[in-house]
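Order-wise, the sequence lines are chains V and P.
The first sequence runs 1 to 346 under our numbering.
The second sequence runs 1001 to 1388 under our numbering.
Structure, as structure tokens:
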Amino acid sequence: MGFIGKGLFEGMVVTARNFVGSYFDKERLVTVQYPEERVQVPENSRTFPFLVFDADKDPIGTMRCVACKICEVECPPQCIYIVMDRDEKGKPQQRPKVFDIDISVCMQCQICVEVCPFDAIKMDNNYEKSQYGRFNELVEHLPELLKSNEYYNKIKPTEATIVDAKLKADAEKKAKKAAPAAAKPAAAAPKTVAPATPKLAPAAAPMARVAIPDDAPFTPEQRQWLSEYLAAVAGSGGTGVAPAAAAPVAGTPVAQAAAAAPAGNWPWHDPALGMQQRLDLAKGTPIADKLMAAMAQTDCHACGFDCRGYADAIATGAEPDLSLCLPGEAETANMLKKLMQEAGKL
Amino acid sequence: MIQPLTDAKPYTLTPGSNGVIETQTLEVSIGPQHPSTHGVFRMDCVLDGEAVVALKPVMGYLHRNHEQLAERMAWLGSMPYTDRLDYFNSMTNNWAYALAVEKLAGIKVPDRAEYIRVIMSELTRLLNHSCVIGFMLQDLGAWGTPLLYAFRERERILDLFEAVSGSRMMCNYMRFGGVRVNMTDANLATAKDIATRFPRFLDEFEKLLTNNEVLLARTQRVGILPKELAINAGISGPMARASGVDYDLRKVDKYGVYGRLDFRVPLGDVGDVYDRYYIRVLEMRESIKILQQALRDIPQGPHVAPEVKLRNFKIPPADGYGRIEGPKGELGFYLVSDEGGKQPYRYHVRPPSFINLTILEDMCVGHKVADVVVILGSVDIVLGEVDR
């Protein structure tokens, strides 16, 4: 020990060095004069979620969200509220009508982003979100939440590039998968469908050839109308019957079968169809197919499977829970229960 | 209903029959809205003049139902809530919870993830210890200076946390079987930079504090915690080690890859406030050693076990306790999974600062009321964790 007060004196030297140093050394002067200056946030930085859409012309039509409600269920503080869009007949439209995020409840945990199978919801890094009100002002609705893919690419270039590449690969894979299915005669295809109705099988064959590619830029309505049109044309042997007359919206099973052809070998595997139509298409098929037809057909994996897998799991008894189909809501759960009871398995 | 500790009568200065002024004890409630209590915490002190006769810690003002919430949501859902337990150390909280779940589900964590976890938790220890010292000195009356020096260094670490995990404090970074995103080479370079700079800051910090006569006068022989009491009361972390208890879970359990890293556990001998201050400085120096080794040895590979599902994650019926050496002490999660296994049937947190707070009275009695805040500061509490 030196003299009394040596420790104090040494401490004063440190403070003096820091004080003087702050005029010369950037390291010692760390204050940022917000709002005149702003810190550049890192790319990974996250604040609140937003929904991604692909084309500027049509945000609603090209949004990636299919209203599967996985994020709504997984959100730890339960700040997401989704209502699926339905047309006047009650058919699910595979997109949300209402998508609200209460940002006063949201805790920015990013779990919605991680669980989304469609890369539809992403984290923003805009931290200037203060509002004058405390209630409605802090609930973000669909129009505010929708942001373009360009914006996403701008704020998170690395992440967005990976996502874009993945989506492109997925679309290509899907198109490739759809192509052989369309080329194959449908009579051979419904191996899994088992005894298809005699009326269905021969009719479906020619229609499958005019499948609309999955990545074609159509809204679900346009897609449905087009597939019905094509189905009508093909179904009538190419005689050019007026489509509206030949294929009414809730058309014959024949027309609907064609509409579903590109997605797989199951005619009911089309989310644009209503529950009753799907069940009609699956009439006379084994229980697993009927169960599948009762689902929402989004392949969202909310249950942990795709629609086919969940139906098989229920049919074999591997998955006893009938309420896992989130997009299908209570309608599907009730129908699954009914079907299982009818089959005597419950 | 909280019972008052004494039947306090009006304070009188009338001399008694023997000519001496009769004094009575005075009950003072410090907190819950008092800056020295580090949050909403109340100390019910009984004072005789300036000396403390009895003291009762009153907790629960920040109770947020953490455990019950966790029992109502999926396993992953409580991960972001663990960030909010001890909001200074979200990385170590994440790790403790992930470790408990991994133990329960039998998940093997890839090597790279283990190293990333070690790096993150040692950085957390650095920022926690430096800031705790700052806060303690703030309680002593050293307004701002040491705390802001500590905050300046902490900011570098938080910037790294933000670059890696996306958030400065609520990191939500660990996942069952690994971590959420991989650390890039740029991130590792930043961590290396922090590890090389930090000793310089520590030297400066020590020069400012360690031999400071005011600090010595206020902290030495104050708030002594005997070794036996520390063991009997279940004290853990730097507090126990300051009293000479050789107990560090990194050495005892060797969880993660701590078995492969070379470091020492500093121990105190008196167990007073000064020891608790200095043990933290020494632990920071050891943490830097660990950091440098981990950054040197970190292998390439996956950052998360690929077989772990994010959604519909289920655990067969079992129970288990996972614990780590958090910056404040032993942080443990006791989890029970039952039929279905979608969410915990029972979820219990063993928070170090809550248990370390239980011996506050034993340390404070006999000291002046001004020492109480210093002793409390040396315990290192975060009310988010105490009340949960």
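Using N, Cα and C, we set each Cβ at its ideal position, and we do this for glycine too.
Please classify K11 (chain V): does DSSP put it in a helix, a strand, or coil?
-> With the sequence shown as reference, residue 11 (chain V) is identified as Gly, and Lys is not the correct amino acid for it. Residue state, collapsed to three classes: helix.
Starting from the beta carbon of I44 (chain V), find every residue of chain P whose beta carbon is closer than 8 Å, and list them in chain order.
-> Looking at the sequence itself, residue 44 (chain V) is Asn, so the reference to Ile does not match. Contact of N44 (chain V) with chain P by beta-carbon distance below 8 Å involves E1162, A1163, V1164, S1165, G1166, V1181.
Could you please tell me which residues of the segment 72-89 of chain V, in chain order, have their CB closer than 7 Å to any CB of chain P?
-> Per Cβ criterion, the list reads E74, P76.
Three or more beta-carbon pairs under 8 Å between the segment 138-157 of chain V and the segment 101-112 of chain V, yes or no?
-> Put simply, the segment 138-157 of chain V touches the segment 101-112 of chain V. At least three CB pairs are less than 8 Å apart.
Whose Cβ in chain P lies nearer than 9 Å to the Cβ of I111 (chain V)?
-> Chain P residues near I111 (chain V): L1076, G1077, M1079, P1080, N1172, L1310.
So is A165 (chain V) buried or exposed if we call it buried at 16+ other beta carbons inside 10 Å?
-> A165 (chain V) should be labelled exposed.
Simplified DSSP assignment, three categories, for A187 (chain V) | Note that A187 (chain V) scores 44 on pLDDT, short of 50, meaning its location in the model is unreliable; the coordinates nonetheless yield the value given after this. Coil.
Sequence-distant residues of its chain with Cβ nearer than 6 Å to Q1293 (chain P) (five each side left out) = Once the five neighbours on either side are set aside, the close Cβ partners of Q1293 (chain P) are L1261.
Can you tell me whether DSSP reads Q347 (chain V) as helix, strand or coil?
-> As shown, chain V starts at 1 and ends at 346. That puts residue 347 (chain V) outside it, with no answer to give.
With 16 other Cβ atoms within 10 Å as the buried cut-off, status of Y23 (chain V) = By the 10 Å Cβ count, Y23 (chain V) comes out exposed.
Quick one: is L322 (chain V) near chain P, going by C-beta distance under 7 Å?
-> Closer than 7 Å: no.
Identified DSSP bridge partners for E140 (chain V) | Looking at the DSSP assignment, E140 (chain V) forms a beta bridge with V:I101.
With C-beta atoms as the reference, is A302 (chain V) less than 7 Å away from L326 (chain V)?
-> The Cβ atoms of A302 (chain V) and L326 (chain V) lie closer than 7 Å to each other.
From Q256 (chain V) to P267 (chain V), what does the alpha carbon distance come to, in whole angstroms?
-> For Q256 (chain V), the predicted model reports a pLDDT of 41, less than 50, meaning its position is unreliable and no value from the coordinates is stated.
List the residues of chain P whose Cβ lies closer than 8 Å to the Cβ of E114 (chain V), in chain order.
-> Correct list: R1180, L1310.
Distance, Cα to Cα, P262 (chain V) vs N1065 (chain P)?
-> Residue placement at P262 (chain V) cannot be trusted, given a pLDDT of 44 that sits under 50; what the coordinates show is reported in the next sentence. Taking the straight line from one Cα to the other gives about 50 Å.
CA-CA distance, Y1081 (chain P) and L1069 (chain P)?
-> Roughly 9 Å separates the two Cα atoms.
Assign Y152 (chain V) to buried or exposed, taking buried as 16 or more other Cβ atoms, counted over all protein chains shown, within 10 Å of its Cβ.
-> Buried, by the Cβ-count rule.
Using the beta-carbon count (16 or more within 10 Å), is D1139 (chain P) buried or exposed?
-> By the neighbour-count definition (other C-beta atoms within 10 Å, threshold 16), D1139 (chain P) is a buried residue.
Cβ of L226 (chain V) within 6 Å of any heavy atom in the ligand NAD?
-> Absence of the ligand NAD from the depicted structure is noted, as is the absence of any ligand whatsoever, leaving it without description.
Can you give me the Cβ contacts of K173 (chain V) inside the same chain, cut-off strictly under 7 Å, excluding the 5 residues immediately before and after it?
-> The beta carbon of K173 (chain V) sits closer than 7 Å to no other beta carbon from its chain once the five residues preceding and following it are set aside.
Listing by chain order, which chain P residues have their CB less than 9 Å from the CB of I162 (chain V)?
-> Near I162 (chain V) there are no residues of chain P at all, since even the closest Cβ is about 11 Å away, more than 9 Å.
Which residues does DSSP pair with R1323 (chain P) in a beta bridge?
-> Answer is P:G1332.
Check whether the Cβ of G328 (chain V) lies closer than 7 Å to any Cβ atom in chain P.
-> Proximity of G328 (chain V) to chain P, defined by a Cβ-Cβ separation below 7 Å, is not satisfied.
At least three beta-carbon pairs within less than 8 Å, the segment 1373-1387 of chain P to the segment 1350-1358 of chain P = Put simply, the segment 1373-1387 of chain P touches the segment 1350-1358 of chain P. At least three CB pairs are less than 8 Å apart.
Which residues, in chain order, does the segment 1182-1208 of chain P contribute to contact with chain V at a C-beta distance below 8 Å?
-> Within the segment 1182-1208 of chain P, the qualifying residues are E1204, K1207, L1208.
Proximal chain V residues relative to N1212 (chain P), where beta-carbon distance stays under 7 Å = Chain-ordered, the chain V residues with CB closer than 7 Å to the CB of N1212 (chain P) read G7, L8, G11.
Does the beta carbon of M1073 (chain P) come closer than 7 Å to any beta carbon on chain V?
-> Chain V contact via Cβ: present.
Taking the DSSP output, what are the residues bridged to M1079 (chain P)?
-> DSSP, once it has assigned bridges, lists no residue as partnering M1079 (chain P).
At a CB-CB cut-off below 9 Å, which residues of chain V make contact with E1155 (chain P)?
-> Proximity of chain V to E1155 (chain P) at the Cβ level (cut-off 9 Å) is accounted for by V30, in chain order.
Within 10 angstroms of the Cβ of N126 (chain V), are there 16 or more other Cβ atoms? Answer buried if so, exposed if not.
-> With fewer than 16 Cβ atoms within 10 Å of its Cβ, N126 (chain V) is classed as exposed.
Grouping DSSP H, G and I as helix and E and B as strand, with all else coil, what is P220 (chain V)?
-> Looking at P220 (chain V) - three-state DSSP - the assignment turns out to be helix.
Reduced DSSP category for M340 (chain V) - H, G, I as helix; E, B as strand; rest coil = For M340 (chain V), the three-state secondary structure derived from DSSP is helix.
Does any CB atom of chain P fall closer than 7 Å to the CB of M295 (chain V)?
-> No, no contact with chain P.
Please go through the segment 28-84 of chain V and give each complete beta strand (DSSP E) segment of 3 or more residues, from N-terminal end onward.
-> Qualifying beta strand (DSSP E) stretches, in chain order: 49-53.
What distance in whole Å lies between the Cβ atoms of R1311 (chain P) and A72 (chain V), which are believed to be in contact at a cut-off of 8 Å?
-> Here residue 72 (chain V) turns out to be Glu, not Ala, going by the sequence shown. Their Cβ separation, rounded to whole angstroms, is 13 Å, which puts E72 (chain V) and R1311 (chain P) out of contact at 8 Å.
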